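Per the numbering used here, the very first residue in the sequence shown carries number 4; after that it's consecutive. The next block holds one structure in the form of structure tokens; read it before the comments.
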Amino acid sequence: MVNPAAPSTTLAALARGFRASWLTFALIAAINTGIAGIMWIDDPRPFWHPLVTVQIYGFTIAYCVNVASPWEGERALRRLVVAVAIGSVAGILLVILAKGYTWEYVVARRSNFAYNVVLAFFNGFVVSLFFYLKLAAARAQAKLARAEAERLLLSKQAVEAELKLMQAQVEPHFLFNTLASVQFLTETDPPGAHRLLGHLIAYLRAALPQLRAESTTLGKELELCEAYLSILRTRIGPRLAFAVDAPDELRAQPFPPNLLVSLVENAVKHGIEPSADGGTISVQARRDGDRLVVEVIDTGRGMVAAGAGPGGGVGLANVRERLAALYGARGRFTLSPVEPRGTRAALEIPIDDAA
């Protein structure tokens, strides 16, 4: 039974031979012209004779290679050799027709024509192999890029899933401790209990909408940090002071949820709480070119002492992983000491001008 799709497949393959960019066309013509110039050195005829011959050979071989498409499928090298061989034979026939050679003339100079076919095959194979290797290298690079993009996407999804799990927990220990403080203050300092409860409500109002959010804004993150620090200041007392400074035009910038409050929590845990006289936490945001820079600066016990504490560095490692998953090389996190005492944690992410 005849396959009705076979003729259309053959026609599609033949039509594919004509598909080439103008740059490729010009490059093949230039290579053919160079080969014709070399052949003309020993050819007493006008230059157009070897030029026409080589151009016919070159473009016929290129057409046959395009039809064969050795870069697709198996046995690529074998398909390339067969395509070049067919192109060389077809090329000599086209040269004979184009120049109007008689059969007697061809037979009389059959050794010259045979030599031209062999030379055309050799040159065509070398040039075609060069294009094939370049294309194979480009496709391999593109495949690696796609694999890397898929890996980064999976990494980002994994980090976001971990983030949602952390968000769902809403720091239960922090909430329990705060509620215990409210209960204690209701008996010893009712106005203080009222203030602490207000700060807790503000914290939950800022935190709960982010439980299912994939992104938030810098302004909402700053509100969360202010509510968090207000609660801790009520619990810790005068040992903790804080300040938040960010231009209004930056507050609408997209920002990863719970990333900034993680740095604030780290500053409190490893900088302020272990220090006998406490300290100050300053949260600052500014624009640096096309980047948003947010810094959390504390005047606590500093980096050297903080590094020895339990869990030191784990939260910051998570910050780095999230930045890498979300922004790749465009996201940056740095940790540096502050003189005379303290630590600066700085986040840098791309600015979204559309925001």
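We treat Cβ as the ideally placed atom computed from N, Cα and C, and that holds for glycine. The structure displayed is predicted, hence computed values, not measured ones.
Cβ shell of residue i (< 7 Å), same chain only, five flanking positions each side left out
i, result
"A101", "V55 and I59"
"V130", "I34"
"V109", "I99 and F116"
"T36", "L54"
"F62", "I31"
"P353", "D293, R294, Y330 and R333"
"I38", "V57 and N126"
Nearest-angstrom Cα separation, counted from residue j out to residue i
i, j, result
"G312", "A270", "In this prediction, G312 has a pLDDT of 43, which is less than 50 and means its spatial position is unreliable; nothing more can be read from the coordinates."
"T346", "G331", "25 Å"
"S72", "V87", "11 Å"
"K272", "R304", "11 Å"
"L199", "A152", "46 Å"
"G292", "L262", "22 Å"
"S278", "L295", "31 Å"
"K443", "V57", "Absent from the model: residue 443. The displayed extent of the chain is 4 to 358, so no value can be given."
"G90", "L147", "33 Å"
"L26", "F125", "23 Å"
"A143", "R149", "10 Å"
"V84", "R78", "10 Å"
"L221", "P193", "34 Å"
"I275", "R344", "11 Å"
"M306", "I284", "15 Å"
"W43", "A140", "34 Å"
"R113", "A145", "47 Å"
"L326", "R82", "47 Å"
Helix, strand or coil at residue i [DSSP, three-state]
i, result
"G310", "Caution applies to G310, whose pLDDT of 45 falls short of 50 and renders its modelled position unreliable; the value that the coordinates give is listed next. Note: G310 maps to coil in three-state DSSP."
"I275", "helix"
"E351", "strand"
"G281", "coil"
"D46", "coil"
"T302", "coil"
"T220", "strand"
"T27", "helix"
"P250", "coil"
"R289", "strand"
"S339", "strand"
"T36", "helix"
"G315", "Because the pLDDT at G315 is just 47, under 50, the model does not fix this residue reliably, and the point stays unresolved."
"A255", "coil"
"R323", "helix"
"T105", "coil"
Own chain, CB closer than 6 Å to residue i, minus 5 neighbours either side, in chain order
i, result
"L232", "F245"
"R323", "F336"
"V120", "S91 and I95"
"L132", "none"
"R236", "L243"
Buried versus exposed, by CB contacts within 10 Å (16 or more), residue i
i, result
"P260", "buried"
"F50", "exposed"
"Y66", "buried"
"T191", "exposed"
"I95", "buried"
"V297", "buried"
"L80", "exposed"
"F334", "Reading off the sequence, residue 334 comes out as Gly, not Phe. Its Cβ being crowded by 16 or more others within 10 Å, G334 is buried."
"G40", "exposed"
"E75", "exposed"
"A123", "buried"
"F28", "exposed"
"R154", "exposed"
"A357", "exposed"
"G310", "Reliability fails at G310, whose pLDDT of 45 lies under 50, so the model's placement of it is uncertain and the value that follows must be treated cautiously. When all chains shown are included, G310 counts as exposed."
"A320", "exposed"
"G230", "Strictly speaking, residue 230 in this sequence is Ala, with Gly absent from that position. Burial call: buried."
"E342", "exposed"
"G281", "buried"
"A111", "exposed"
"A171", "Reliability of the predicted coordinates at A171 is poor, the pLDDT of 45 falling under 50, and the value obtained from them is presented with this limitation in mind. Looking at its Cβ environment, which holds fewer than 16 other Cβ atoms inside 10 Å, A171 is exposed."
Residue i and residue j closer than 7 Å at C-beta
i, j, result
"A205", "L253", "no"
"T302", "F258", "no"
"L243", "A348", "no"
"H197", "I234", "no"
"I64", "G127", "yes"
Same chain only: Cβ atoms within 8 Å of residue i, ignoring 5 sequence neighbours per side
i, result
"L1", "One cannot answer for residue 1 here, as it falls past the ends of the chain, which runs 4 to 358."
"L168", "Because L168 carries a pLDDT of 47, less than 50, the predicted location of this residue cannot be relied on, and no value is offered for it."
"D46", "H52 and P53"
"T105", "none"
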